[in-house]
Amino acid sequence: MGNFKCHRGYLVEQGCTKLLCDLLVCPDVMIISVCLDGLENILKAGEAANNTGDVNCYRQLIEDAKGVKKIGNLQEHESVEIYKKALKILETYWRVEDVEIWL
-10 MGNFKCHRGY
0 LVEQGCTKLL
10 CDLLVCPDVM
20 IISVCLDGLE
30 NILKAGEAAN
40 NTGDVNCYRQ
50 LIEDAKGVKK
60 IGNLQEHESV
70 EIYKKALKIL
80 ETYWRVEDVE
90 IWL
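Residue numbers (the numbering used here): -10 to 92.
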């Protein structure tokens, strides 16, 4: 598991966060689901690494990639699974006021 964390950090450094955000608008439900899972895992890692109470640095990467808007738009997706995943991510890692700014 520790090795996986190293790989995740490496992937984030290589720009996977933006790529995952970019794929959130594709028509394939499976791809969107996998991307949401990946983004959630990245956000979890950012929270775990954040011992100082500062902003989750991975959260900022998603904001910079316009991912909050894309995740927010998925709340209107026809798939209930996608809707629930998107809602969970937004409720867990952003305040309602923050999300409204991005939408």
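Beta carbons are placed, not taken as given, at the ideal position from N, Cα and C, and that holds for glycine.
Given the structure is predicted, the values throughout are model-derived calculations rather than measurements.
Here Leu28 is near Gly56, since their CB atoms are less than 8 Å apart.
Counting along the chain, Gln64 sits inside no alpha helix (DSSP H), nor does DSSP assign it H or E at all. Less than 8 Å separates the beta-carbon of Ala54 from that of Lys7. For Glu2, the closest of Leu50, Tyr72, Lys77 by C-alpha to C-alpha distance is Leu50. In this structure, Ile21 lies away from Leu32, with their beta-carbon atoms at least 8 Å apart. Judged by DSSP in its simplified three-state form, Cys15 adopts coil rather than helix or strand. The Cβ-Cβ distance between Ala37 and Tyr47 does not fall below 8 Å.
Secondary structure of Gln3 (DSSP, three-state): coil. The three-state secondary structure of Ala54, taken from DSSP, is coil. In this structure, Cys10 lies near Lys59, with their beta-carbon atoms less than 8 Å apart.
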